[in-house]
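As they're listed, the protein sequences go chains U and W. Per the working numbering, the first sequence starts with residue 1, numbered consecutively. Per the working numbering, the second sequence starts with residue 613, numbered consecutively. Just so you know, even glycine gets a beta-carbon here, dropped at the ideal spot from N, CA and C. Quick notes on the structure that follows.
There are 2 protein chains.
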Amino acid sequence: MYRTHTCGQLRLADAGTNVTLAGWVQTVRKFGSITFVDLRDRYGITQLLFNETLNQQLDEQPLGREFVLQAIGTVHERSNKNANMPTGDIEILVSEFKILNKSAVPPFTIQDDTDGGDDLRMKYRYLDLRRNPVKRNLELRYAVNRAARNYLHDNGFMDIETPFLIKSTPEGARDFVVPSRMNAGQFYALPQSPQTFKQLLMVSGYDRYYQVVKCFRDEDLRADRQPEFTQIDCEMCFVEQEDILKMFEGMIKYIFKQVKGIDYTETVERTTWEDAMWTYGNDKPDIRFGMKIGNLKVPSTIFLSRQQELSNSPLGVGGTGFAVFDNAETVLAIAVPGCAEYTRKQTDELTEWVKRPQIGMQGLVFLKYNADGTVKSSVDKFFNPEQLKHIAASCKGQPGDLILILAGREEKTRKATSDLRMELGKRLGLRKENEFKLLWVLDFPLFEYAEEENRWVARHHPFTSPKPEQIGTMINNNPVIENAADYLNHPYSNIKANAYDMVLNGNEIGGGSIRIFQRDLQEKMFAALGMDEEEQQHKFGFLLGAFEYGAPPHGGIAFGFDRLCSILGGSESIRDFIAFPKNNSGRDVMIDAPSVIDQKQFDELQIKLDLK
Amino acid sequence: MYRTHTCGQLRLADAGTNVTLAGWVQTVRKFGSITFVDLRDRYGITQLLFNETLNQQLDEQPLGREFVLQAIGTVHERSNKNANMPTGDIEILVSEFKILNKSAVPPFTIQDDTDGGDDLRMKYRYLDLRRNPVKRNLELRYAVNRAARNYLHDNGFMDIETPFLIKSTPEGARDFVVPSRMNAGQFYALPQSPQTFKQLLMVSGYDRYYQVVKCFRDEDLRADRQPEFTQIDCEMCFVEQEDILKMFEGMIKYIFKQVKGIDYTETVERTTWEDAMWTYGNDKPDIRFGMKIGNLKVPSTIFLSRQQELSNSPLGVGGTGFAVFDNAETVLAIAVPGCAEYTRKQTDELTEWVKRPQIGMQGLVFLKYNADGTVKSSVDKFFNPEQLKHIAASCKGQPGDLILILAGREEKTRKATSDLRMELGKRLGLRKENEFKLLWVLDFPLFEYAEEENRWVARHHPFTSPKPEQIGTMINNNPVIENAADYLNHPYSNIKANAYDMVLNGNEIGGGSIRIFQRDLQEKMFAALGMDEEEQQHKFGFLLGAFEYGAPPHGGIAFGFDRLCSILGGSESIRDFIAFPKNNSGRDVMIDAPSVIDQKQFDELQIKLDLK
């Protein structure tokens, strides 16, 4: 062993002890004939003092930043203590030292605030990983991993490894494939999730399964996506939705406690998918703040259960001669608290914000609900004050608030309103970094309609069960959509999934469902997705087969581990919480992968390039 | 929740309680108007009693094997207790039941001794997994996983995930590759191990790393190999060999204790690679039994340090006119304890055994060291009794032993002797199932000689450091072998690796090394393996780069997790300890993978088949 103690270990009580430390040179400070060196390792920093007797050796072997140093000496009480460092009461009076390895000058500073840009830090990721903020992220990641495993273990879950070389069944996302040399012409796929395997483990009676496992999706990457990502993947037998919700909100609360020291004692809120969309324009709402949407006008084809509510509203915003509202499919309002005094410059900026291509709206209607109770808007000539107050009331506007109204096509307008709400929540400091609010979103639609193919697609995945009371609707109706224009009246369009998402501060951190475990229902599902019997058999014959031999009721959930860590760590980017992430082109710029392979490899795999 | 208790939970103390159980029907036994059902889940079996009041319902809904059943009833004390079952004191008097799912008749019996053959059980792996022996294997696997993690955590190791989509650097085994759609014409590789990444983590100062991680090798499969396998992968900073040995024999002892309840208090034995080869003919000897090899003749080019020992022997077996020994490069003997009385039939069978193609020897020479001290051999006319006793003494033969002598080419003869020793150890019951003996094998040669290419290959891997005192030898000599015939006199041929294997009962369960952390030494190593500077840069530029920025001394080890579990579980086959293994052609016959992929996938990946 090159050391007797770590660089974070020694305290005043150790004074007088002879120690050997090893680590990296953080700083070298020369004062006349003495030299101070801060020596760093994973555990901390300890100050070394080289006095005049070592001067000559230091001159011959000068120390530089990031040199690897072994130092032998005695622990001394410091005269000039540093209360900010755990080892700040002591220093090591060095009697002997050895440079274990030198370092070139790093391309950026190894400090909390580095001067290195993203590209440089990714190329030299092994140096970036030395920085405290990155190290803290990986330590947090390990703490979350450990807490999740401990909770699951204590609750009787078993870690069972599922295979990585499986079968390509593209459905939704694209698979990464792996050519098989021993079975020329055939390919494995890397798993997008262990979904079918964990279901088979339930059929096998393993009862409670978990894995912290890599998954793969060959999708075009956005800033917060990676081609390989990690899931906390879980499945349980003989459970209903309520059992899963209880078990896994328990897990997240346990993680909060273990990792962040937070007692999350409140009940985890729940909402239906429809309520979330109606109220927040979003199926993963951030409920740390209000600013709920006022629905002034919606098409009669969606939110069917709300039509009554809407028609009872004292205000129809259409038909007043204001073309923007009259012609809009949807009109939505939010009340921005305490912002009635916004200047023209500020409201203009908001208009520009919603007109950006990412939002894509035509404009924004303002209504200032002044503190004195008067209202003033850009549409005063179409609406009287009474009507304007009704608009304000629709989104719970109070005197002093600025009401923002968006109008246009339903889907786009709702999304824009949600984005605007989130943006203002951020600007107004309502999305507090150290506040954590969990939310279960329930009762998703089981299907979405795929217009191009005039068929259903599974909103969650094809193994999700409908609500128990709607199994009959699914079994007893033909999934084929005879009349495309009338798809909303097909019985399948109203089937709700027995599925649930867990949302944390506006991010989906986990999602799952009670699964189909009946062969006939599973076949009906596959048929609804346009798979004929042959395709079903080719892709999922093993699962349909398994359902014939006593498949139990079961369900599960998967948490996006990278995302969960990033939110707990207070960051927007999952990349900061991955030791060796890939960039937006799916490249690891440090090792320079992917890369070309040898002709010998092509020959053995019996494939060749076919570049367009 | 479909149940109040599991099928392994209820005891006499629960008598009178109303319970709901759910599980699989193991057996149905009808006795007149009452029916007994054994209900099974992961946790155990509970007997259900259906009395006459449920008879009609049972007739309408007959139960079959593997049906999924929910039963409500009251816990009763059994009149006929079963002491072999934890729940054997009670039964459930069923008041209500529900068939949750039916089952077709399984293709084999779900019992400890099944009637299903290997192929059938692999195809219906989800049913095979229900069998107790398979379940116990996976439970043991999880227990080992958990124990290893706990030990490593308690010793300050951090689980850090390394990437799966990396760069192909074929060196030794073949890589599985993954075509990149976003970088057409380029490929990722799946990791054969996280070797370079864990070393980078040491360069980054993470100090103690571990992972229980899937690795991939595209090799032709033997019975105990899988294309994907799991490693317990570990690395430490600022350590020497001794630190690693202590840390990881500690881990294995901890696993013994936690998983098997065994206190492995003895010191773990150590041997050098040369001693192991000399004494056991094998670098992973089973030291549960003796039967050490007597070296009667070896070529003068190997075991150089033993030549003195050999030349001091009172016996040269060559030159007596017995052509088999005279012409042999190597003559080796083992003493089989207490077998001097073997019949002709028995010795003939042993001769046939060594002549099998897998062993490939020409024959076997016998020497019976009778209990009365006399000797009798098949070569009596070439050796007098005194000489024969010397031969027996070379392998520590005692009166009553049967001495077996093999002669031929060094490598083949030594391997054959080792195989014969293992076979006889097994036949004589010397390899006891419940005895566990650990052994460290040290001081491997750093290089092997590759005749075809007249260059060195790394015996362990190219990142293994030579012994500290031999670094100079490596740095200061040209690795090029000028004279192929004389390669044994090249200074590199005597360099020993700073490497270690952990052997358990004759199986290598782990191996590792102290790593090279100096750029110049690493370059020298790559050069010795025949890599020019360009190739070094292309394949390992990132690592050489990292070594310039303060790489610390480090080393590590990786355990073959599948193998470790199989040995602890008392099985020869790792496949029994993998939930979803592949067969010898690398196929998963249950899901039928690998398989063909769609033309669309080829198009997107810009590759095509090139079948020979």
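Does DSSP put M85 of chain U in a helix, in a strand, or in coil? Here residue 85 of chain U refers to the residue found at position 85 of the first sequence. M85 of chain U falls in the coil class under three-state DSSP.
For T615 of chain U, three-class secondary structure by DSSP: In this structure chain U extends from 1 to 612, so residue 615 of chain U is not present and cannot be described.
Can you name, in chain order, every residue of its own chain whose Cβ lies under 6 angstroms from the Cβ of G1012 of chain W, other than the five neighbours on each side? Residue numbering aside, residue 1012 of chain W sits at position 400 when the second sequence is read from its first letter. If we look at G1012 of chain W and ignore the five residues flanking it on each side, its Cβ neighbours are G950, A952, A983.
Which bits of chain W does W24 of chain U rub up against, with CB to CB less than 7 angstroms? What you label residue 24 of chain U is simply residue 24 of the first sequence in a count that begins at 1. Those are G817, G1162, listed as they occur along chain W.
Residues of its chain near T17 of chain U, where Cβ-Cβ distance is below 6 angstroms and the 5 sequence neighbours each way are ignored: The count along the first sequence starts at 1 and reaches residue 17 of chain U at position 17. Only residues of its own chain outside the window of five on either side were considered, and among them V75 have a CB closer than 6 angstroms to the CB of T17 of chain U, listed in chain order.
Any idea what DSSP makes of R519 of chain U, helix, strand or coil? Residue numbering aside, residue 519 of chain U sits at position 519 when the first sequence is read from its first letter. Correct three-state label for R519 of chain U: helix.
Quick one: residues in its chain with C-beta nearer than 8 angstroms to the C-beta of K524 of chain U, no 5 flanking neighbours on either side, listed in chain order? Residue 524 of chain U sits at position 524 when you count from the first residue of the first sequence. Answer for K524 of chain U: M474, I475, P479, listed in chain order.
Name the chain U residues that come within less than 7 angstroms of D1144 of chain W, Cβ to Cβ? Start at 1 with the first residue of the second sequence, and residue 1144 of chain W comes out as number 532. Identification of chain U residues near D1144 of chain W by a Cβ-Cβ cut-off of 7 angstroms yields none; the smallest Cβ-Cβ distance measures about 15 angstroms.
Taking the beta carbon of T1076 of chain W as the centre, do at least 16 other beta carbons fall within 10 Å, making it buried, or is it exposed? Here residue 1076 of chain W is taken as the residue at index 464 of the second sequence, counted from 1. Here T1076 of chain W is buried. Its C-beta has 16 or more other C-beta atoms within 10 Å.
In terms of residues, what are the limits of the alpha helix (DSSP H) holding Y1099 of chain W? Here residue 1099 of chain W is taken as the residue at index 487 of the second sequence, counted from 1. Element bounds for Y1099 of chain W: n/a, residue is neither H nor E.
Mind listing which residues of the segment 178-189 of chain U have their C-beta closer than 8 angstroms to chain C's C-betas, in chain order? The question asks about chain C, but that chain is absent: this structure's protein chains are U and W.
Curious, which full-length alpha helix (DSSP H) runs of at least 4 residues does the segment 213-292 of chain U contain? Runs of the alpha helix (DSSP H) inside the segment 213-292 of chain U: 241-255, 273-280.
Which runs of the beta strand (DSSP E) at least 3 residues long sit entirely within the segment 426-460 of chain U? Give them in chain order. 438-442, 447-450, 455-458
Please check the pair L364 of chain U and T351 of chain U, which I expect to be a contact at CB under 8 angstroms, by giving their CB distance rounded to whole angstroms. Position 364 of the first sequence holds residue 364 of chain U. Position 351 of the first sequence holds residue 351 of chain U. With a beta-carbon spacing of about 5 angstroms, L364 of chain U and T351 of chain U fall inside the 8 angstroms limit used to define contacts.
Since K198 of chain U and Y209 of chain U should fall inside the 8 angstroms C-beta cutoff, what is the C-beta to C-beta distance between them, to a whole number of angstroms? Along the first sequence, read from residue 1 onward, the residue named residue 198 of chain U stands at position 198. Along the first sequence, read from residue 1 onward, the residue named residue 209 of chain U stands at position 209. Indeed they touch by this definition, with Cβ atoms about 5 angstroms apart.
Residue(s) in a DSSP beta bridge with H688 of chain W: In the second sequence, the residue the question calls residue 688 of chain W occupies position 76. Paired residue(s): W:E703.
So, do the segment 116-128 of chain U and the segment 72-90 of chain U have three or more beta carbon pairs nearer to each other than 8 angstroms? Contact between the segment 116-128 of chain U and the segment 72-90 of chain U is absent, because fewer than three Cβ pairs lie under 8 angstroms.
Host alpha helix (DSSP H) of N1119 of chain W (start-end): Counting from 1 along the second sequence, the entry for residue 1119 of chain W is found at position 507. N1119 of chain W -> not in any alpha helix (DSSP H); beta strand (DSSP E) instead, spanning 1119-1126.
Check the DSSP bridge columns for G768 of chain W and list the partner residues they point to. The residue you call residue 768 of chain W lines up with position 156 of the second sequence. In the DSSP output, where bridge partners are listed per residue, G768 of chain W has none listed.
For D1132 of chain W, I'd like the list of residues in its chain whose CB is within less than 6 angstroms of its CB, leaving aside the five on either flank, ordered along the chain. Position 520 of the second sequence, counted from the first residue, corresponds to residue 1132 of chain W. Around D1132 of chain W: no qualifying Cβ.
If I follow the unbroken alpha helix (DSSP H) through S566 of chain U, where does it start and stop? Residue mapping note: residue 566 of chain U aligns to position 566 of the first sequence, counting from 1. 561-568 is the span of the alpha helix (DSSP H), which, as asked, contains S566 of chain U.
Chain U partners of L777 of chain W, CB-CB under 9 angstroms? Start at 1 with the first residue of the second sequence, and residue 777 of chain W comes out as number 165. What L777 of chain W touches in chain U: F176, L190, F216, P227, E228, K582, G586, D588, A593, P594.
Assuming F1192 of chain W contacts D1200 of chain W under a Cβ cut-off of 8 angstroms, what Cβ separation, rounded to an integer in Å, is found between them? Counting from one through the second sequence, the residue named residue 1192 of chain W turns up at place 580. Counting from one through the second sequence, the residue named residue 1200 of chain W turns up at place 588. Their Cβ separation, rounded to whole angstroms, is 6 angstroms, which keeps F1192 of chain W and D1200 of chain W in contact under 8 angstroms.
Confirm, please, whether the CB-CB distance from V851 of chain W to H1166 of chain W is below 8 angstroms. Mapped onto the second sequence, residue 1166 of chain W falls at position 554. Mapped onto the second sequence, residue 851 of chain W falls at position 239. Yes; because the gap between Cβ atoms is below 8 angstroms, this pair is in contact.
Kindly indicate if chain W contains any beta-carbon less than 8 angstroms away from that of K524 of chain U. Along the first sequence, one-based indexing puts residue 524 of chain U at 524. Output row for K524 of chain U: interface = no.
Can you pull the chain U neighbours of P718 of chain W, defined as C-beta to C-beta under 7 angstroms? By one-based count along the second sequence, residue 718 of chain W stands at place 106. Here the neighbours are Y549.
Using CA atoms only, rank isn't needed, just tell me which of W:D1113, W:A1062, W:F860, W:F648 is closest to Y1104 of chain W. On the second sequence, position 492 is the one that residue 1104 of chain W refers to. Per the Cα distances, W:A1062.
Decide if K355 of chain U is buried, meaning its Cβ has at least 16 other Cβ atoms within 10 Å, or exposed. Taking the first residue of the first sequence as 1, we reach residue 355 of chain U at position 355. Exposed.
Short CB-CB distance (under 8 angstroms) between K909 of chain W and chain U: Residue numbering aside, residue 909 of chain W sits at position 297 when the second sequence is read from its first letter. It does not; no Cβ of chain U falls within 8 angstroms.
How long is the line joining the alpha carbons of S989 of chain W and P969 of chain W, rounded to whole angstroms? Locating residue 989 of chain W in the second sequence gives position 377, counting from the first residue. Locating residue 969 of chain W in the second sequence gives position 357, counting from the first residue. For S989 of chain W and P969 of chain W, the distance between alpha carbons rounds to 26 angstroms.
Please list, in chain order, the residues of the segment 40-62 of chain U that have any C-beta partner in chain W closer than 9 angstroms. R40, D41, R42, Y43
Would the segment 494-502 of chain U count as touching the segment 539-546 of chain U if we require 3 or more Cβ pairs under 8 angstroms? The segment 494-502 of chain U is not in contact with the segment 539-546 of chain U.
Complete beta strand (DSSP E) runs within the segment 348-381 of chain U (minimum length 3 residues, chain order): 365-369, 375-377
Is the segment 409-424 of chain U close to the segment 227-243 of chain U, with three or more CB pairs under 8 angstroms? no
If contact means a Cβ-Cβ distance below 8 angstroms, which residues of the segment 700-714 of chain W contact chain U? L712, N713, K714
Where F580 of chain U falls: helix, strand or coil (DSSP): Counting from one through the first sequence, the residue named residue 580 of chain U turns up at place 580. Note: F580 of chain U maps to coil in three-state DSSP.
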